[in-house]
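One structure below.
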Amino acid sequence: MTTFLFYFFAILTVVAAAGVIAARSPIYSAMSLVGTFFSLAAIYALLLAHTIAVLQVLVYAGAIMVLFLFVIMLLSLGESVGPAKVTFPRVVGGLVAAGLFAALVIAARPFVPAAAQTPPSFGTLQSIGAQLYTQWLAPFEAVSLLLLVAMVGAVVVAKSRV
Amino acid sequence: MEGITLQHYLFLAALLFSLGVFGVLVRRNALVVFMCVELMLNASNLTFLAFARDSGMDVGHLPALFVIAVAAAEAAIGLAVIIAVFRSRGTVNVDDIRTMRL
Amino acid sequence: MLVLALAFNPFVDPFPGAPENIAALLWAIIALPLAGAFLCGVLGRFMGRANTNFVACATVAGSFLLSVCAVWAVGSQATQYTSPASGAPVRWALWLDLGRWFAAGDFSVHYGLTVDRLTAAILLVVTGIGFLIHLYSTEYMEHDEGYWRYFAYLNLFVAMMLTLVLADNLVLLFVGWEGVGLCSYLLIGFWYQDTEKAWAGRKAFIANRIGDFAFIIGMILLVLLLGATEKMGRETALGRTNFTDIGRARAWLTSLHDQGPLNVEVLREWATRIPPEGPRTRSGMNLSTTISTEGPLQGKTFGHVLTAALLLMLLGAAGKSAQIPLYVWLPDAMAGPTPVSALIHAATMVTAGVYLFCRLSFLLVLSPTAMAWVAMIGALTAVWAALIAFAQDDIKKVLAYSTVSQLGFMFIAVGTGVFWAAALHLVTHACFKACLFLGAGSVMHGNGDETDVYKLGGLRKEMPWTWATFGIATLAITGIVPLSGFFSKDAILHGAHGTELHGIPWVGHTVYWIGLFGALCTAFYMTRLYVLTFEGKRAADARVPHAHESGFRMVFVLVFLAFLSVVGVIWGLPDAFPGPAGEKVALMEGYLAPAMILADREASLYETVKHLHDAGIPWGAYILAWAVAVVGGAAAWLVYRSWLPSRGGKPLPAPIALFWRWARHKFYVDEVYDLLIIRPFTLLSKGLYKVVDGGIIDGVGVGGTALVLKRAGAWLRYTQTGNAQNYATVMAVALLVSIGVVLTWVLL
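Protein chains in written order, with numbering that gives the first Met the number 0: chain D, 0 to 161; chain C, 0 to 101; chain E, 0 to 747.
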């Protein structure tokens with residue numbers, strides 16, 4: 000059962016990701032990205048990362064993609080910006096991506112899966128929360144500061160000159 | 000899970016990451032480039048979670064959480080910058096935004 | 000001043016005061032003119048003409064007074080110092096060591112000044128005649144704008160010449176040697192606005208430089224020679240005894256490293272220990288020993304290397320003293336002011352070569368080959384220059400060739416071992432040649448700077464003082480009794496005739512007959528010069544209608560010098576005074592005996608130079624010499640007073656005309672040099688300039704580097720596109736590479 004689910008969602012993810020990079024219009028890319036996020040959330044669930052899966056949907060698909068769509072609509076971008084140009088840096092970029100893939104696969108091979116037993120509280124909100132507010136308090140506070148700064152910064156940068 | 004090992008997840012993450020890199024280096028629309036960056040971040044998240052599951056320690060979910068938070072902040076700022084650039088230049092085509100040259 | 004020196008001659012012995020005080024002041028002899036040069040050069044323009052004249056003359060006069068004191072001291076038996084090279088006392092000499100100049104490894108050079116009898120004689124000449132010429136110059140240059148420059152250079156010259164003369168080692172001597180070369184260049188090209196004159200200065204400097212180069216190599220050979228001696232001396236027991244270990248030998252070794260191998264005392268000691276092959280070898284090493292040390296001298300004998308060094312020094316002396324092959328600069332040097340010609344190119348600088356050989360007499364005597372070369376070159380130059388002088392029209396050029404010829408005589412003397420005769424001729428020649436040159440200067444001054452003798456004539460009545468002094472000096476140079484020139488020249492010829500060099504016995508006789516012919520020629524051309532300038536009627540195309548006699552300062556100097564030419568005979572009178580060994584010798588010979596003692600001893604001990612007849616006055620030789628001079632003079636008189644005027648304008652007989660044309664063109668030597676040497680060098684220079692400097696260094700080196708950098712920069716500029724995506728690509732490539740590296744490192 001898990002195998003089927005995994006392959007299903009994995010293929011979905013990959014197709015959606017391909018859609019992101021290949022779509023003509025940014026709207027289609029954004030939609031494909033949303034699809035990617037949803038599929039990934041499912042895979043996270045398969046990995047017993049329940050909290051993260053939910054947060055993925057809430058934050059990524061719910062907030063960030065909305066932001067993206069708002070911006071796309073604000074900029075009134077329609078079709079893509081002209082025919083694709085095959086330049087030398089772009090070819091190199093393609094090759095680098097392929098090379099990076101190969102490198103990562105090679106790097107991943109030696110790992111021997113431990114397939115450890117997971118406790119029942121694995122990935123639950125209580126478990127995450129407990130660790131978050133005790134050992135990981137400092138990064139937590141830092142991230143909250145970061146979000147504050149990002150908010151202010153976004154407003155300042157995007158404000159139109161009045 | 001029978002048959003689905005760590006290696007499968009890592010392979011998937013590698014694939015997603017590579018697709019993201021490809022998009023960042025090849026697409027001309029700045030917004031699409033941004034979306035591909037999000038794709039890369041997600042791939043790294045997947046890696047984190049796969050290893051967490053494999054080792055049985057769910058402390059690995061916390062970096063993933065922070066990655067999501069930071070990605071949100073970064074998306075906000077980045078999009079604000081794109082808006083500002085669009086206002087001054089009228090385009091979001093990376094080929095036309097050549098300001099960073101000596 | 001010779002008169003003064005006469006008063007303090009060696010046979011009268013009072014010297015009040017300690018010689019050490021005089022020795023301590025030796026540096027001032029050089030320092031005074033040097034300071035004068037500085038003052039005149041830097042402040043001369045502000046000081047004004049009168050002050051500059053005073054400063055220049057006063058410094059040289061001061062040097063002269065100090066020199067007189069030194070000469071006085073050296074005339075006393077009590078004056079002596081301890082030689083650093085042997086520990087033994089050196090009599091009749093002063094020495095001042097001012098400290099080490101520099102040391103490079105084993106080689107060390109000191110600032111050392113020394114006065115011995117030889118130095119004394121030359122000192123008086125340099126400072127005395129130098130002072131007189133300074134005095135003459137004050138009037139001669141009174142209309143010239145650059146007077147401060149002139150006196151600065153002249154004072155500097157005197158300082159450098161004194162350095163040369165007073166030096167106790169060859170390196171300091173060489174400093175003076177080069178210094179006088181420099182001052183010669185500066186003074187010949189004094190009127191540098193005229194290109195010809197400037198080039199004459201350049202020619203002099205280059206010819207000198209060629210000689211200097213040979214000199215340096217000769218010095219280096221000597222250094223290597225002494226080093227080889229020291230090394231080989233350590234190898235054998237006998238060698239150690241004589242070169243390193245005991246008493247005097249240890250002193251020699253110490254001074255070799257302290258005073259340096261080019262110190263004259265050190266060289267002296269070395270010469271006493273390295274005899275030619277013979278019965279009295281003391282060290283197991285002699286001149287035939289092969290050198291076994293590694294390096295350029297290996298496999299050659301001491302004698303060969305010494306001869307080579309001396310021959311190189313001969314080339315150096317030939318450059319400085321204008322002998323074949325480097326005499327070509329001296330006639331051109333007449334482009335400078337006449338007092339300069341008198342001082343530098345008659346009395347002092349050109350005698351530096353002769354002085355050098357007299358200084359190194361003890362080395363020269365060890366090498367008969369070198370002596371033969373010196374004598375032959377001297378003889379050939381004497382005749383060659385005399386023949387050229389036959390056909391020159393310019394007063395100064397005739398006198399210049401005359402100087403070259405007379406220097407040839409001095410070289411004959413040096414080459415045949417009669418060093419005292421060379422020194423005597425040096426002194427007397429300085430007097431009458433300076434008188435002749437200054438007389439020529441007076442003639443020029445009074446005739447609007449005319450130098451062509453065919454445009455002069457009949458000055459006997461219009462310039463009486465100049466006529467009289469010039470006449471006396473002419474008689475002196477041609478060698479008419481009882482003037483000094485006769486005895487000095489005859490001392491040379493007589494000494495040459497009676498000398499047999501070891502292994503080359505024909506040199507003495509050959510050189511005598513060549514020298515005699517040279518004396519004949521001298522008489523002819525000098526009389527010709529005198530007749531054309533002073534006798535007869537004034538030329539129709541003279542520059543000024545009436546010649547005027549020169550002022551008091553110039554005439555006084557002329558008269559004084561003429562007087563010295565007459566009185567100097569005392570120093571040359573043969574067999575007039577008791578010598579060091581009791582026999583009767585000429586005064587100069589006796590005076591210089593302590594300076595030449597080692598040379599004489601070596602010559603007799605090792606039989607390298609044999610003087611055959613030295614007893615009694617050689618009446619036959621004297622009469623022959625006098626007859627030669629009279630014949631030559633009379634021939635010139637007749638030719639120019641009777642024969643030529645009687646022919647009217649008819650052309651000369653063909654052989655004489657041919658000879659005349661060749662002589663007038665200086666036997667085309669300059670043209671040959673130009674063709675063989677100067678043109679190839681100029682071509683080489685041009686080639687190097689165009690190809691190497693212009694093409695390779697400028698084009699490939701400088702230009703090429705710039706071009707490469709420009710292209711590289713242009714090429715690298717392509718990476719700065721301004722496109723952020725491109726930068727991201729570069730970063731991704733770098734990331735890939737680093738991941739690849741880490742992976743290979745981890746997995747392998």
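Idealized CB from N, CA, C, for every residue including glycine.
Can you tell me where the alpha helix (DSSP H) holding Trp-71 of chain E begins and where it ends? Walking along the third sequence from the start, residue 71 of chain E turns up at place 72. 48 to 73 is the span of the alpha helix (DSSP H), which, as asked, contains Trp-71 of chain E.
Contact with chain E by Gly-98 of chain D, beta-carbon distance below 7 Å: Position 99 of the first sequence, counted from the start, is the residue given in the question as residue 98 of chain D. Taking Cβ atoms only, chain E reaches closer than 7 Å to Gly-98 of chain D, which makes this a yes.
From Trp-135 of chain D to Val-66 of chain C, what distance separates their C-alpha atoms? Along the first sequence, one-based indexing puts residue 135 of chain D at 136. Along the second sequence, one-based indexing puts residue 66 of chain C at 67. Going from the Cα of Trp-135 of chain D to the Cα of Val-66 of chain C covers about 14 Å.
Cutoff 6 Å; reference Leu-311 of chain E; Cβ partners in own chain excluding five residues on either side: Looking up residue 311 of chain E in the third sequence gives position 312. Ala-213, Ile-216, Gly-217, listed in sequence order.
For Trp-372 of chain E, the first and last residue of its enclosing beta strand (DSSP E): Numbered from 1 along the third sequence, position 373 holds the residue referred to as residue 372 of chain E. First-last for Trp-372 of chain E: 367 to 389, but that is the alpha helix (DSSP H), not the beta strand (DSSP E).
If you draw a straight line from the alpha carbon of Leu-220 of chain E to that of Arg-678 of chain E, how long is it in whole angstroms? Residue mapping note: residue 220 of chain E aligns to position 221 of the third sequence, counting from 1. Residue mapping note: residue 678 of chain E aligns to position 679 of the third sequence, counting from 1. Going from the Cα of Leu-220 of chain E to the Cα of Arg-678 of chain E covers about 31 Å.
Give the single residue among E:Thr-347, E:Leu-224, E:Leu-261, E:Ala-308 whose Cα lies nearest to the Cα of Thr-289 of chain E. Translated into the one-based positions of the third sequence, residue 289 of chain E becomes position 290. Of E:Thr-347, E:Leu-224, E:Leu-261, E:Ala-308, the residue nearest in Cα terms is E:Leu-224.
Measure the alpha-carbon distance for Val-41 of chain E versus Gly-686 of chain E and round it to whole angstroms. For this step, residue 41 of chain E is matched to residue 42 along the third sequence. For this step, residue 686 of chain E is matched to residue 687 along the third sequence. Looking at the two C-alpha atoms, the distance is approximately 41 Å.
Taking Ile-21 of chain E as the reference, give the member of E:Val-59, E:Ser-75, E:Cys-520 with the closest Cα. Taking the first residue of the third sequence as position 1, residue 21 of chain E is located at position 22. Ranking E:Val-59, E:Ser-75, E:Cys-520 by Cα distance to Ile-21 of chain E puts E:Ser-75 first.
Looking at the unbroken beta strand (DSSP E) that takes in Arg-90 of chain E, where does it start and where does it end? As a first step, residue 90 of chain E is located in the third sequence; it is residue number 91 there, counting from the start. That run of the beta strand (DSSP E) goes 88 to 90.
Alpha carbons only, please: which of D:Ala-60, D:Val-65, D:Thr-50, D:Ile-63 is nearest the one belonging to Ala-63 of chain C? Counting from one through the second sequence, the residue named residue 63 of chain C turns up at place 64. Checked all of D:Ala-60, D:Val-65, D:Thr-50, D:Ile-63; the closest Cα to Ala-63 of chain C is D:Thr-50.
If you measure from the beta carbon of Gly-128 of chain D to each beta carbon in chain E, is any gap under 7 Å? What you label residue 128 of chain D is simply residue 129 of the first sequence in a count that begins at 1. Not an interface residue.
Asp-257 of chain E, DSSP secondary structure in three states: To locate residue 257 of chain E, count along the third sequence from 1; it is residue 258. Asp-257 of chain E falls in the helix class under three-state DSSP.
Delimiting residues of the beta strand (DSSP E) encompassing Gly-694 of chain E: Position 695 of the third sequence, counted from the first residue, corresponds to residue 694 of chain E. Taken as a continuous stretch (DSSP letters only), Gly-694 of chain E belongs to no beta strand (DSSP E), as it is neither H nor E.
Pick out whichever of E:Ala-439, E:Ile-476, E:Val-327, E:Gln-391 has its Cα sitting closest to the Cα of Val-426 of chain E. Your numbering for residue 426 of chain E matches position 427 in the third sequence. The shortest C-alpha separation from Val-426 of chain E is found at E:Ile-476.
Touch check for the stretch 396 to 406 of chain E and the stretch 312 to 327 of chain E: three-plus C-beta pairs under 8 Å? yes
So, does the CB of Ala-733 of chain E fall closer than 7 Å to a CB anywhere in chain C? Counting from one through the third sequence, the residue named residue 733 of chain E turns up at place 734. Not closer than 7 Å to any Cβ of chain C, the Cβ of Ala-733 of chain E fails to qualify, so no.
Rounding to the nearest angstrom, what Cα-Cα distance links Val-740 of chain E and Val-19 of chain D in this structure? Here residue 740 of chain E is taken as the residue at index 741 of the third sequence, counted from 1. Here residue 19 of chain D is taken as the residue at index 20 of the first sequence, counted from 1. The alpha-carbon atoms of Val-740 of chain E and Val-19 of chain D are separated by roughly 31 Å.
Neighbour list for Met-39 of chain C in chain D, Cβ cutoff strictly below 7 Å: Here residue 39 of chain C refers to the residue found at position 40 of the second sequence. Those do not exist, as Met-39 of chain C stays about 10 Å from chain D at its closest Cβ, beyond 7 Å.
Through-space distance from Ala-399 of chain E to Met-375 of chain E, alpha-carbon basis: Taking the first residue of the third sequence as position 1, residue 375 of chain E is located at position 376. Taking the first residue of the third sequence as position 1, residue 399 of chain E is located at position 400. Roughly 21 Å between the two C-alpha positions.
Separation of Glu-601 of chain E from Arg-279 of chain E, as counted between CA atoms: On the third sequence, position 280 is the one that residue 279 of chain E refers to. On the third sequence, position 602 is the one that residue 601 of chain E refers to. Here Arg-279 of chain E scores only 46 on pLDDT, less than 50, and its place in the model should not be relied on; the value that follows carries that caveat. When rounded, the distance between both Cα atoms is 11 Å.
Cβ shell of Lys-84 of chain D (< 8 Å), same chain only, five flanking positions each side left out: Counting from 1 along the first sequence, the entry for residue 84 of chain D is found at position 85. Counting only Cβ-Cβ distances below 8 Å, and skipping sequence neighbours, we find nothing.
is_contact[Gly-18 of chain D, chain C] using C-beta, thresh 7 Å: On the first sequence, position 19 is the one that residue 18 of chain D refers to. It does not: the Cβ of Gly-18 of chain D has no partner Cβ on chain C nearer than 7 Å.
Let me know the secondary structure DSSP gives Ala-538 of chain E once reduced to three states. Here the question's residue 538 of chain E lines up with position 539 in the third sequence. Here Ala-538 of chain E sits in coil by DSSP.
N- and C-terminal bounds of the beta strand (DSSP E) containing Leu-38 of chain C: For the purposes of this step, residue 38 of chain C is taken as residue 39 along the second sequence, with counting starting at 1. Per DSSP, Leu-38 of chain C belongs to no beta strand (DSSP E); it is in the alpha helix (DSSP H), 29 to 54.
With which residues is Asp-451 of chain E paired in a DSSP beta bridge? Start at 1 with the first residue of the third sequence, and residue 451 of chain E comes out as number 452. BP columns for Asp-451 of chain E point to E:Asp-393.
Taking 7 Å as the threshold (beta carbon to beta carbon), is Val-93 of chain C in contact with chain E? Position 94 of the second sequence, counting from 1, holds the residue named residue 93 of chain C. Cβ-Cβ to chain E under 7 Å: yes for Val-93 of chain C.
Can you tell me the Cα-Cα spacing of Asn-446 of chain E and Ile-513 of chain E, whole angstroms? As a first step, residue 446 of chain E must be located in the third sequence, where it is residue number 447. As a first step, residue 513 of chain E must be located in the third sequence, where it is residue number 514. The alpha-carbon atoms of Asn-446 of chain E and Ile-513 of chain E are separated by roughly 37 Å.
Where the alpha helix (DSSP H) containing His-493 of chain E begins and where it ends: Numbered from its first residue, the third sequence carries residue 493 of chain E at position 494. Unbroken alpha helix (DSSP H) run through His-493 of chain E: 483 to 496.
Quick one: what does DSSP say Phe-101 of chain E is sitting in, helix, strand or coil? Residue 101 of chain E sits at position 102 when you count from the first residue of the third sequence. Reduced to three states, the DSSP call for Phe-101 of chain E is strand.
Verify the CB distance criterion: does Ile-738 of chain E have a CB-CB separation below 7 Å to chain D? Within the third sequence, residue 738 of chain E is the residue found at index 739, counting from 1. Interface residue, yes.
Would you mind stating whether Leu-519 of chain E and Gly-619 of chain E have Cβ atoms separated by less than 7 Å? If you number the third sequence from 1, residue 519 of chain E lands on position 520. If you number the third sequence from 1, residue 619 of chain E lands on position 620. For Leu-519 of chain E and Gly-619 of chain E, no; Cβs fall outside 7 Å.
Short of 8 Å Cβ to Cβ, which residues in the stretch 187 to 207 of chain E face chain C? none
Inter-residue spacing [alpha-carbon to alpha-carbon] between Leu-15 of chain C and Ile-695 of chain E: One-based indexing of the second sequence puts residue 15 of chain C at position 16. One-based indexing of the third sequence puts residue 695 of chain E at position 696. Going by the C-alpha atoms only, they are around 59 Å apart.
Might you give, ordered along the chain, the residues of its own chain that have their beta carbon closer than 7 Å to the beta carbon of Tyr-639 of chain E, omitting 5 neighbours on each side? Here the question's residue 639 of chain E lines up with position 640 in the third sequence. Cβ within range, chain order: Arg-527, Val-530, Leu-531.
Determine whether the beta carbon atoms of Gly-517 of chain E and Ala-381 of chain E lie at a separation below 7 Å. Residue numbering aside, residue 517 of chain E sits at position 518 when the third sequence is read from its first letter. Residue numbering aside, residue 381 of chain E sits at position 382 when the third sequence is read from its first letter. For Gly-517 of chain E and Ala-381 of chain E, yes; Cβs fall inside 7 Å.
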